[in-house]
Amino acid sequence: MKTLYLLGAGASANTISTVPKMEDSIRSWTKSFGYGLAERYSTPISFSPDNILIEKFEWLANGVRDYGTPDIFAKSLLLSKKYQEYKIAKITLATYIVLEQSIKKVDKRYFGFFSALINFNEESSNVTFHPEIKIATWNYDLQITEALMSLTNFKESEVNSILLKTSDLHSNTPSKNQVYRLNGYAGAEFFGNDILSNSLSAAYFHLPNESRHPEKIQKLFLEWLKSEADLNFHFAWDSHEPIKNQREKFFADISDTEVLVVIGYSFPTFNRFIDSRIFSMLRKLKKAYVQDSSEQALGRVNQLIKQNHYPGKESIEVKHISNVDQFYIPSEIDQ
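Just so it is clear: in the sequence shown, position 289 is 755 by the working numbering, and no numbers are missing.
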């Protein structure tokens, strides 16, 4: 059955800090530290923050502290018509996420998830992703790309052309599957109305592992600030053409969904209009699973189903999965 996965912050929580821990995590990058000699690097790893990075990261951490979440802080800048600071907040938050990703490993649940959904043909040695599955994520991180590269030993371009289109740099790849990034992702830049990942790729994917050194990410951050880069990094209320077009394509592509799996997503108020639009498109939905240690999101899914006029919606079963040790894979996928 055609299945849509909807991922929230809880899907990366074992690696990327969630909001309650974010202020302290952001501040940790304002101090020098060393790692010793890590296996994945050829030189000893250390990080000495530039004064500009210290200033911007302290500013962002204070905003998270004062307003409660980075989203609310960013919205306050927009409402105050501080457009330049709004852009800087996006650049700084995106850089923080890429820095976190550069030193932390992939949430191991992604390995179990993708290893179960990637097929290997022994005769042809072809590797393919399950054709009945679509993935949408609210997360800005690079967990999906990292996991697929680690599992398959593919380059980023091969992941995009063979398995899942995870990067907008590869706009013409033949891959049938796509990760829908509802708010963009940390690091990709706009050029006109096109979205490219060349700066992120240069700092992350196309060079040896040394390119993921935090010092390289910091250099990229300083370049973004200097050039006033426009990143493909958005909040739910952003609606200019590139991200609007991405979302519209996503809405059209999910209309055949029969099974929905929500993982670690709390349905925050800021996202309510997009969430409502998502559920309005699921006209063929037959079953939904909500995987979270809390039952809070379960009520929201039931409410969204109730608000939409699905044929036979009374028969749609919504099931709570409280065990979050591995991403849930429903048996209906292969039916």
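Positions of the beta carbon are idealized from the N, C-alpha and C atoms, including for glycine.
What residue range does the alpha helix (DSSP H) around residue i cover?
i: Leu-648; result: Note, Leu-648: premise wrong, no alpha helix (DSSP H); not H, not E.
i: Lys-772; result: 762 to 773
i: Ala-555; result: 549 to 569
i: Tyr-533; result: 517 to 533
i: Val-485; result: 485 to 493
i: Thr-618; result: 609 to 618
i: Glu-707; result: 707 to 719
i: Ile-744; result: 738 to 747
i: Ile-683; result: 680 to 693
i: Ile-729; result: Not the alpha helix (DSSP H): Ile-729 falls in the beta strand (DSSP E), residues 725 to 729.
Out of the options, which has the shortest C-alpha to C-alpha gap to residue i?
i: Glu-566; options: Glu-589, His-679 and Tyr-533; result: His-679
i: Tyr-471; options: Lys-779, Glu-724 and Glu-783; result: Glu-724
i: His-700; options: Gly-529, Pro-515, Lys-553 and Asp-516; result: Lys-553
i: Leu-519; options: Thr-535, Glu-612 and Ala-560; result: Ala-560
i: Lys-468; options: Tyr-606, Asn-643, Phe-579 and Asn-768; result: Asn-643
i: Asn-649; options: Ile-482, Tyr-794 and His-706; result: His-706
i: Pro-597; options: Glu-612, Ser-591 and Ile-628; result: Ile-628
i: Val-790; options: Lys-574, Phe-739, Ala-702 and Leu-691; result: Lys-574
i: Met-747; options: Lys-692, Asp-719 and Arg-647; result: Asp-719
i: Thr-869; options: Asp-704, Ile-771, Asn-626 and Lys-497; result: Limits of the chain in this structure are 467 at one end and 801 at the other, which puts residue 869 out of reach.
i: Asn-480; options: Arg-749, Phe-739, Ala-702 and Phe-577; result: Phe-577
i: Trp-495; options: Gly-534, Thr-535 and Val-564; result: Val-564
i: Gly-556; options: Gly-534, Tyr-606 and Pro-515; result: Correcting the residue identity first, residue 556 is Lys in this sequence and not Gly. With distances taken between Cα atoms, Lys-556 lies closest to Tyr-606.
Going by DSSP, what residue range makes up the beta strand (DSSP E) through residue i?
i: Phe-586; result: 584 to 586
i: Ala-754; result: 753 to 757
i: Asn-698; result: 697 to 699
i: Phe-595; result: 593 to 595
i: Ala-602; result: 599 to 603
i: Leu-629; result: Where Leu-629 is concerned, there is no enclosing beta strand (DSSP E), given that its DSSP letter is neither H nor E.
i: Lys-779; result: Where Lys-779 is concerned, there is no enclosing beta strand (DSSP E), given that its DSSP letter is neither H nor E.
i: Ile-799; result: Taken as a continuous stretch (DSSP letters only), Ile-799 belongs to no beta strand (DSSP E), as it is neither H nor E.
i: Thr-735; result: From DSSP, Thr-735 is part of no beta strand (DSSP E); its letter is neither H nor E.
i: Tyr-606; result: Looking at the DSSP string, Tyr-606 is not in any beta strand (DSSP E), and its letter there is neither H nor E.
i: Thr-469; result: 469 to 473
Whole angstroms are fine: how far does the CA of residue j sit from the CA of residue i?
i: Leu-686; j: Tyr-562; result: 12 Å
i: Glu-681; j: Ser-616; result: 23 Å
i: Phe-539; j: Leu-545; result: 10 Å
i: Val-784; j: Lys-541; result: 33 Å
i: Lys-779; j: Val-530; result: 40 Å
i: Ile-799; j: Asp-532; result: 44 Å
i: Gln-792; j: Ile-599; result: 17 Å
i: Asn-659; j: Ser-781; result: Residue confidence for Asn-659 is low, a pLDDT of 38 falling below 50, so the modelled location carries little weight and cannot support an answer.
i: Ala-582; j: Ile-709; result: 31 Å
i: Ser-759; j: Glu-524; result: 32 Å
i: Leu-608; j: Ala-652; result: 8 Å
i: Ile-683; j: Asn-517; result: 15 Å
i: Gln-550; j: Leu-688; result: 15 Å
i: Leu-473; j: Gly-730; result: 6 Å
i: His-786; j: Glu-761; result: 7 Å
i: Ala-475; j: Ile-482; result: 8 Å
i: Leu-726; j: Phe-513; result: 42 Å
i: Ser-721; j: Ser-788; result: 27 Å
i: Ala-702; j: Trp-690; result: 22 Å
i: Phe-499; j: Ser-591; result: 44 Å
i: Leu-662; j: Lys-497; result: Annotation note: pLDDT 43 at Leu-662 (below 50); position unreliable, coordinate value reported separately. Their Cα atoms are separated by approximately 31 Å.
i: Ser-478; j: Lys-692; result: 31 Å
i: Gln-769; j: Lys-750; result: 17 Å
i: Ser-797; j: Phe-580; result: 15 Å
i: Asp-490; j: Leu-614; result: 30 Å
i: Trp-604; j: Thr-735; result: 13 Å
Can you name, in chain order, every residue of its own chain whose Cβ lies under 6 Å from the Cβ of residue i, other than the five neighbours on each side?
i: Arg-493; result: Ala-527
i: Val-645; result: Ile-601, Ile-610, Leu-630 and Thr-632
i: Val-756; result: Val-728, Ala-763, Leu-764, Val-767 and His-786
i: Lys-752; result: Glu-724
i: Pro-536; result: Val-530 and Leu-559
i: Glu-612; result: Val-572
Please return the same chain residues whose Cβ sits closer than 7 Å to the Cβ of residue i, not counting the five positions on each side in sequence.
i: Leu-673; result: Model confidence at Leu-673 stands at a pLDDT of 46, short of 50, so the residue's coordinates are unreliable and nothing is read from them.
i: Asn-774; result: Phe-745 and Ser-746
i: Ser-732; result: Gly-474, Gln-762 and Ala-763
i: Ser-647; result: The amino acid occupying residue 647 in the given sequence is Arg; Ser does not appear at that position. The answer, listed in chain order, is Thr-603.
Given residue i, which residues of its chain have a CB within under 8 Å of its CB, disregarding the five upstream and five downstream residues?
i: Thr-558; result: Lys-522, Phe-523, Trp-525, Leu-526 and Phe-687
i: Tyr-794; result: Val-727, Ile-729, Tyr-755, Gln-757 and Ile-787
i: Phe-739; result: Ala-702
i: Pro-515; result: Trp-495, Thr-496, Lys-497, Ser-498, Phe-523 and Gln-684
i: Ile-771; result: Phe-745, Leu-751, Ala-754, Lys-779, Ile-782 and Val-784
Next on the checklist: Count Cβ pairs between the stretch 481 to 493 and the stretch 738 to 750 that sit closer than 8 Å; are there 3 or more?
Outcome noted: No, they do not touch.
Checklist entry - Is there contact between the stretch 703 to 723 and the stretch 569 to 587, where contact requires at least three CB pairs shorter than 8 Å? => result no
Next on the checklist: So, does the stretch 689 to 697 touch the stretch 612 to 627, judging by three or more C-beta pairs under 8 Å?
Outcome noted: no
Item to check | Segment contact, 8 Å Cβ cut-off, at least three pairs: the stretch 542 to 560 with the stretch 579 to 592 | outcome: no
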